[in-house]
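*Asks:* Read in numbering that gives the first Met the number 0, the sequence shown has 0 at position 1, and its numbers run on one by one without any break.
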Amino acid sequence: MQTQPITSINQAVNYIQSLPISMQQEMIDWINVFQSEIGKDKMNTSQNFFESWQNWHDKSEVFLDNDNSWADTKDRNDIGREVSFE
């Protein structure tokens with residue numbers, strides 16, 4: 000028995016339609032499971048990306064909140080001084 004590769008949607012549909020009804024239903028069930036797994040993978044990839052970004056963002060925010068290097072450049076005499084822009 001020699002097999003021919005399926006290279007188009009039409010060939011796949013024709014093949015499935017040539018099967019007995021019970022096998023057609025089994026093929027459709029397999030396709031549905033495959034599609035749901037693909038959807039889960041896409042969702043997991045998006046969720047993992049978002050969670051890693053959120054983790055990075057939170058760490059960066061904590062770092063910047065705790066970073067006092069900018070305080071060394073501030074003129075301590077400016078604290079509490081009123082500023083007029085007239």
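Beta carbons are placed, not taken as given, at the ideal position from N, Cα and C, and that holds for glycine.
Quantities reported herein were computed from a predicted structural model and do not represent experimental measurements.
Between residue 23 and residue 30, how many whole angstroms is the CB-CB distance? I'm expecting something under 8 Å.
*Replies:* Position 24 of the sequence shown, counting from 1, holds the residue named residue 23. Position 31 of the sequence shown, counting from 1, holds the residue named residue 30. In fact, because the Cβ distance is near 11 Å, the residues do not count as touching under 8 Å.
*Asks:* Please state whether DSSP places residue 63 in a helix, a strand or coil.
*Replies:* Sequence index remark: in the sequence shown, residue 63 carries index 64 (1-based). Of the three classes helix, strand and coil, the one that applies to residue 63 here is helix, per DSSP.
*Asks:* Could you give the DSSP three-state label for residue 2: helix, strand or coil?
*Replies:* Sequence index remark: in the sequence shown, residue 2 carries index 3 (1-based). In the structure shown, residue 2 sits in coil (DSSP, three-state: anything other than H, G, I, E or B).
*Asks:* How many whole angstroms separate the CB atoms of residue 11 and residue 20, which I take to be in contact at a CB cut-off of 8 Å?
*Replies:* On the sequence shown, position 12 is the one that residue 11 refers to. On the sequence shown, position 21 is the one that residue 20 refers to. Between residue 20 and residue 11 the Cβ distance is about 17 Å, and since that is not below 8 Å, they are no contact.
*Asks:* With DSSP collapsed to three states, give me the class of residue 7.
*Replies:* On the sequence shown, residue 7 is found 8 positions in, with the first residue counted as 1. Coil at residue 7, not helix or strand.
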